[in-house]
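Asker: Sharing a structure here in structure tokens format.
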Amino acid sequence: MFTSGESRNGSVVAEILRKLDLAVSWAGRAVEVHLSRRWPVLAAIGVAGLVIAGMAVAYAGASLALSDDIDLEQLRGAVDESLLDEEGAGLEGASADVDLLRDRSTMPLRLIRWAGRMGPSIAWLPIASTESMGLAAQAGRVDSDLDAASSLLEWAAKFTATFEQAESAMVRSGDRARIAELRSSLEEIGTGFEDGRTGLSDQGRSAGYALMTSVPPFSGMFDDLETAEVSLVRVTQAGESASRLVAALLDLAEASQPLLTQFSGDAGAEGNGAEPIYVALTDFRQTAIDARSSAADVIDAISELGGSGAFSEKLEALDRLMDAAVIIGEAGVLGFEALRPAYEIISQSESGILDGEGVLPEALATLRDRTEEIDDVIARLAEAEETLRDLVADGSILSGSTGLPGMLDYVAEVRSGLEFVNGIAPVADELLGHSDPRKYLMLGQSADELRGTGGFVSGIWTMTVQDGSLDGVSYYDVVRVDDWDRLVLYPAAPPGLEEHMNAWVWLLRDVSWDPDFRATAQSASAMFKIGQNQDVDGVLAINQWALLGLVQAVGGITPPEGGEPITANNLITVLERGTDLHGRAYMDLVLQGLIDEFASQSTLPGLVRLASAVLRALESKDLVFYFENSDAQNAVEDLGWAGAVEPTAGDYLYVVDSNVGWSKVDRNIEREISYVVDLSRVERPRATLNVGYTNHSGPDSPPCEPQWLNRGADYSQLVNACYWDFVRVYMSEGSRILSQSELPLPELSVSVEIGKGVPGQETGAISALHDKAVFSGLLIVPAGSSREVSLVYDLPGRVVKQDGNSVGYELLLQKQPGVRDRNVSIHLIPPDGYSVSASSVPYALLGDGRVRLNRRLNSDESIRVSFAKDRAQGG
Numbered sequence: 080m081f082t083s084g085e086s087r088n089g090s091v092v093a094e095i096l097r098k099l100d101l102a103v104s105w106a107g108r109a110v111e112v113h114l115s116r117r118w119p120v121l122a123a124i125g126v127a128g129l130v131i132a133g134m135a136v137a138y139a140g141a142s143l144a145l146s147d148d149i150d151l152e153q154l155r156g157a158v159d160e161s162l163l164d165e166e167g168a169g170l171e172g173a174s175a176d177v178d179l180l181r182d183r184s185t186m187p188l189r190l191i192r193w194a195g196r197m198g199p200s201i202a203w204l205p206i207a208s209t210e211s212m213g214l215a216a217q218a219g220r221v222d223s224d225l226d227a228a229s230s231l232l233e234w235a236a237k238f239t240a241t242f243e244q245a246e247s248a249m250v251r252s253g254d255r256a257r258i259a260e261l262r263s264s265l266e267e268i269g270t271g272f273e274d275g276r277t278g279l280s281d282q283g284r285s286a287g288y289a290l291m292t293s294v295p296p297f298s299g300m301f302d303d304l305e306t307a308e309v310s311l312v313r314v315t316q317a318g319e320s321a322s323r324l325v326a327a328l329l330d331l332a333e334a335s336q337p338l339l340t341q342f343s344g345d346a347g348a349e350g351n352g353a354e355p356i357y358v359a360l361t362d363f364r365q366t367a368i369d370a371r372s373s374a375a376d377v378i379d380a381i382s383e384l385g386g387s388g389a390f391s392e393k394l395e396a397l398d399r400l401m402d403a404a405v406i407i408g409e410a411g412v413l414g415f416e417a418l419r420p421a422y423e424i425i426s427q428s429e430s431g432i433l434d435g436e437g438v439l440p441e442a443l444a445t446l447r448d449r450t451e452e453i454d455d456v457i458a459r460l461a462e463a464e465e466t467l468r469d470l471v472a473d474g475s476i477l478s479g480s481t482g483l484p485g486m487l488d489y490v491a492e493v494r495s496g497l498e499f500v501n502g503i504a505p506v507a508d509e510l511l512g513h514s515d516p517r518k519y520l521m522l523g524q525s526a527d528e529l530r531g532t533g534g535f536v537s538g539i540w541t542m543t544v545q546d547g548s549l550d551g552v553s554y555y556d557v558v559r560v561d562d563w564d565r566l567v568l569y570p571a572a573p574p575g576l577e578e579h580m581n582a583w584v585w586l587l588r589d590v591s592w593d594p595d596f597r598a599t600a601q602s603a604s605a606m607f608k609i610g611q612n613q614d615v616d617g618v619l620a621i622n623q624w625a626l627l628g629l630v631q632a633v634g635g636i637t638p639p640e641g642g643e644p645i646t647a648n649n650l651i652t653v654l655e656r657g658t659d660l661h662g663r664a665y666m667d668l669v670l671q672g673l674i675d676e677f678a679s680q681s682t683l684p685g686l687v688r689l690a691s692a693v694l695r696a697l698e699s700k701d702l703v704f705y706f707e708n709s710d711a712q713n714a715v716e717d718l719g720w721a722g723a724v725e726p727t728a729g730d731y732l733y734v735v736d737s738n739v740g741w742s743k744v745d746r747n748i749e750r751e752i753s754y755v756v757d758l759s760r761v762e763r764p765r766a767t768l769n770v771g772y773t774n775h776s777g778p779d780s781p782p783c784e785p786q787w788l789n790r791g792a793d794y795s796q797l798v799n800a801c802y803w804d805f806v807r808v809y810m811s812e813g814s815r816i817l818s819q820s821e822l823p824l825p826e827l828s829v830s831v832e833i834g835k836g837v838p839g840q841e842t843g844a845i846s847a848l849h850d851k852a853v854f855s856g857l858l859i860v861p862a863g864s865s866r867e868v869s870l871v872y873d874l875p876g877r878v879v880k881q882d883g884n885s886v887g888y889e890l891l892l893q894k895q896p897g898v899r900d901r902n903v904s905i906h907l908i909p910p911d912g913y914s915v916s917a918s919s920v921p922y923a924l925l926g927d928g929r930v931r932l933n934r935r936l937n938s939d940e941s942i943r944v945s946f947a948k949d950r951a952q953g954g
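In structure tokens form, the structure reads like this:
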């Protein structure tokens, strides 16, 4: 009955049949002897029953041992780490495998159990009785293991569903009732896994059956059963550990909530004093350490199962998250302890950080001795921030502003705040007039009317500080600040400004023409001296985007006319409406409100948010500094806060736009750069640059010509216009332009009108400034249209560094003040036989061998790429 289709098991079957034949012959002789000796008929029937039972057991056992359809090894394969995968594919497959195995083994197991019932009636035959009952017990063991596998699948299903809900709760950690409910479910699931493990551990292999185990298939079947039981136990252990880990993650999300609440910007949530923050930091640190320990336990348990499925990948991400959380907790506590002395000084002041008692200089002085300590905290937070950004970018953790994802914003905020105070502390006494008063000139720029260092100057202030106290702020109307009776003393306008805006004299409102703020600041100081006969100790420039960040940091300001607060959500609209109704002086009233809020900041979270907002504005160059004091100026230059055209030994690219159309259209301009660098000739690389512009102004915008056309009476009209852009491209010194786009002069342009140029004249020109090669020209982008400026030029060979079998390329991209961002796509063509070996930014390899790097330029960025010679090339 076992021969058909089972040739590979023929010898085994023959052995089983041979033993069956022997058993039947032995039983027949035994019956004859019993009858001849007139033994009770009942005994003869017992022996016959034994033969029948033995044959049934053998048949059923052979079915289990030899059938291709009943492989107990499947039980081990069905239960692995995939049961914990959130997608559920592992569960579905395992459930199907267990159900199929149960269906196919039901009949053989039933026969074995039936035969086993004969054991007690033939106890007088020890070997037969033991074999019968032992094999029946093993049948029960198989049945129990199948039950355990089914139960395990049920708990695994509950775990995956709860895990998915817990991930959602980690984002919304404020829902404490939901978290409590999930904790209860996880505790129940963990107990279920534990009970299953305990039951499996009680299973054992009986040694009291010799006949069947002497046949290899039966022995192999029991080996498979034991292997499956080990896997079942390991999965239950992994399930227990995973349940504890998810509960620990919920604890961590909940522990993050007090920190996120404190730093949310909600003044009512910040609490009193520093102690609640310290308690929240220490709690978060300890909870993170506990969660990391739980993650380690799960990783160990999963590694016993092979550790190669989707849940292992999730665990790897969670392990990195836990490492980052521990770093955040430890760095947070260290940072708090470093800041505590400064905060205590500020918190004791009744008038805030800008009072007349030297509070701010004294507080910053306490940080000067802790710069290394704070630098260490900053480095740790930066490491954790990078990990969190990577996890969000690859989808390993959800993005959000609450729960664990919200820690990314918290870390970035604290790191930025610490970077600012640590950078400014060494020169704070000089800047804040600790020994002598300091007067600074502040240029309020409109980035909607873009110029080289931020925008057209629409407001001017002087700010006087002494011993950290703001002694006075004075506003100057930009039209009246210049001395019109002494115009002969003012400098001549830069050529581009003179030709394209008929600026026959250079006034303070147009001072932001040069892309290097040091030059702009020095010119502004000189012009202010001519116009107002006042010397200043430094100049700072700020535009509406920096103002937006500061308003968001302080939580809002009261508008001059009263009513609803000015917030980050409505600031730009309020400024536009206020300027239309009240003129440029409205900006002064808004600034005064901001200064009042600035001065009143006294909570640690509020001060950190404010410092972070200032740093973001400095990094984006929407706020730039210049100081006459050389130590202070060197400090801000080293920190990258000076708005300078930076020197570099490598490649360099800086695109500078200047609105010469008397409009506010720059807000509607989308900017992008495509930059291809061919490094195949290392001694003379070649660059192909395309600078693109799209004007998103509405269809009812006025026509482009004439250039001097009145484009509207209010702000909403001025922002929808044709874009007249004097574009400049700063390149590495020594670059040689080979070809360029044609940029003809329009007939109704200012240049033609004043006799400087003729219609159709090429405006593209090459010059040099700030140790850079410069291409400049006039570009016109009509409303609803796109235009592009293209250049092909050879770069100097020094931008590529070759050392043996390696080639290095470095590019400094500079971001223009006032431009919120610019999409940049860089394509590098490697030298022949070379491949990328390292890059400071993510990259993609294209089919043609190019290396693509996509960046969103919202601050200056240095990019480094290294190439190594391919092994096949030798060398």
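Each position in the sequence shown, counted from 1, maps to that position plus 79 in my numbering. Every residue gets a Cβ at the ideal spot worked out from N, C-alpha and C, and that includes glycine.
#1: Got a sec, what are the start and stop residues for the beta strand (DSSP E) arginine 25 sits in?
#2: Taking C-alpha atoms, which residue in Ile942, Ser945, Pro909 and Arg943 lies nearest to glycine 928?
#3: Indicate the three-state DSSP secondary structure (helix, strand or coil) for isoleucine 942 in the structure shown.
#4: What residues in its chain sit with their C-beta under 6 Å from that of threonine 466, if we drop five residues either side in the sequence?
#5: With a cut-off of 8 Å on the beta carbons, I'd call valine 615 and arginine 588 a contact; round off their distance for me.
#6: Starting from threonine 543, trace the beta strand (DSSP E) in both directions and tell me its first and last residue.
#7: What's the call for serine 263, buried or exposed, on a 16-neighbour Cβ count within 10 Å?
#8: For the alpha helix (DSSP H) containing threonine 1026, list its first residue and its last residue.
#9: Taking only the alpha-carbon atoms, compute the straight-line gap between valine 944 and arginine 901 and give it to the nearest angstrom.
#10: Can you give me the Cβ contacts of leucine 470 inside the same chain, cut-off strictly under 7 Å, excluding the 5 residues immediately before and after it?
#11: Per the contact definition of three or more C-beta pairs closer than 8 Å, is the segment 804-823 in contact with the segment 683-693?
#12: Starting from glycine 672, trace the alpha helix (DSSP H) in both directions and tell me its first and last residue.
#13: Thinking just about the alpha-carbon of each residue, which of Arg934, Asp911 and Thr445 is nearest to the one in proline 764?
#14: Can you grab the Cα-Cα spacing for the pair alanine 571 / valine 584, in whole Å?
#15: For a quick check, are the C-beta atoms of asparagine 622 and glycine 534 less than 8 Å apart?
#16: For the segment 774-813, which segments carrying the beta strand (DSSP E) assignment without a break, of at least 3 residues, lie completely within its bounds, in sequence order?
#17: Mapping DSSP to helix, strand and coil, what is glycine 615?
#18: Using the Cα positions of arginine 663 and glutamate 751, report the straight-line distance between them to the nearest angstrom.
#19: From which residue to which residue does the alpha helix (DSSP H) around histidine 661 run?
#20: Run through DSSP, which three-state label would glycine 502 get?
#21: Between the alpha carbons of proline 778 and valine 590, how many angstroms are there, rounded?
#22: So glycine 628 is in the alpha helix (DSSP H); what residue range does that whole segment cover?
#23: In or out: aspartate 508 buried (at least 16 other Cβ within 10 Å) or exposed?
#24: Assuming contact is defined by CB atoms lying nearer than 8 Å, are alanine 793 and aspartate 667 in contact in what I supplied?
#25: Where does the unbroken alpha helix (DSSP H) through alanine 526 begin, and where does it stop?
#26: Using alpha carbons as the reference points, say which of Val653, Ala723, Val567 and Val493 lies closest to threonine 532.
#27: Let me know the secondary structure DSSP gives leucine 732 once reduced to three states.
#28: Can you tell me whether DSSP reads arginine 530 as helix, strand or coil?
#29: Give me the DSSP bridge partner(s) of alanine 917.
#30: Just reading off the alpha helix (DSSP H) that histidine 906 is part of, what are its end residues?
#31: Are the beta-carbon atoms belonging to phenylalanine 596 and alanine 625 less than 8 Å from one another?
#32: Should asparagine 713 be counted as a contact of the ligand FMN given a C-beta to heavy atom distance under 7 Å?
#33: Quick check: what's the CA-CA separation for alanine 800 versus leucine 460?
#34: Distance check for serine 495 and alanine 444, CA to CA, integer angstroms please.
#35: CB-CB under 8 Å to valine 735, same chain, minus the five flanking residues each way: which ones, in chain order?
#36: Do you know whose CA, among Leu758, Val770, Ile859 and Asp274, lies nearest glycine 887's CA?
Answerer: The short version:
#1: For residue 25 there is no data in the structure shown, the boundaries of the chain being 80 and 954.
#2: It is Pro909.
#3: Isoleucine 942: strand per DSSP, three-state reduction.
#4: So the list reads Arg399 and Ala403, once near-sequence residues are dropped.
#5: A Cβ-Cβ distance of about 17 Å is found for the pair valine 615 and arginine 588, leaving them out of contact under the 8 Å criterion.
#6: 535-545 is the span of the beta strand (DSSP E), which, as asked, contains threonine 543.
#7: Exposed: under 16 other Cβ atoms inside 10 Å.
#8: No statement about residue 1026 is possible, as the shown extent of the chain runs from 80 to 954 and does not include it.
#9: Valine 944 and arginine 901: Cα-Cα distance of roughly 21 Å.
#10: Cβ-Cβ distances below 7 Å link leucine 470 to Ala396, Arg399, Leu400 and Ile476 in the same chain, with the five nearest sequence neighbours on each side left out; the list follows chain order.
#11: These segments do not touch.
#12: Unbroken alpha helix (DSSP H) run through glycine 672: 665-679.
#13: Sorting Arg934, Asp911 and Thr445 by C-alpha distance to the C-alpha of proline 764 places Asp911 at the top.
#14: Roughly 5 Å between the two C-alpha positions.
#15: Glycine 534 sits close to asparagine 622, with the two beta carbons spaced by under 8 Å.
#16: Look at the segment 774-813 and you find these whole runs of beta strand (DSSP E), each 3 residues long or longer: 802-811.
#17: It is worth fixing the name first, because residue 615 is valine in this sequence and not glycine. Here valine 615 sits in coil by DSSP.
#18: Using only the alpha carbons, I get a separation of about 32 Å.
#19: 650-661 is the span of the alpha helix (DSSP H), which, as asked, contains histidine 661.
#20: Note: glycine 502 maps to helix in three-state DSSP.
#21: The alpha-carbon atoms of proline 778 and valine 590 are separated by roughly 33 Å.
#22: For glycine 628, the enclosing alpha helix (DSSP H) covers residues 623-633.
#23: By the neighbour-count criterion, in which a residue is buried when 16 or more other Cβ atoms sit within 10 angstroms of its Cβ, aspartate 508 is buried.
#24: It is worth fixing the name first, because residue 793 is aspartate in this sequence and not alanine. No, the pair does not count as a contact, with Cβ atoms beyond the cut-off.
#25: Bounds of any alpha helix (DSSP H) do not take in alanine 526, whose DSSP letter is neither H nor E.
#26: When only C-alpha atoms are compared, the closest one is Ala723.
#27: For leucine 732, the three-state secondary structure derived from DSSP is strand.
#28: Secondary structure at arginine 530: coil, using DSSP grouped into helix, strand and coil.
#29: DSSP lists Ser945 as the bridge partner or partners of alanine 917.
#30: Looking at the DSSP string, histidine 906 is not in any alpha helix (DSSP H); the run it does join, the beta strand (DSSP E), is 901-908.
#31: Not closer than 8 Å, so no.
#32: Because no ligand of any kind appears in the structure shown, any question about the ligand FMN cannot be addressed here.
#33: C-alpha separation (whole angstroms): 44 Å.
#34: One alpha carbon belongs to alanine 444, the other to serine 495, and they sit about 19 Å apart.
#35: Cβ within range, chain order: Gly531, Pro594, Val806, Arg807, Val808, Tyr809 and Gln895.
#36: When each option's Cα is compared against that of glycine 887, the closest is Leu758.
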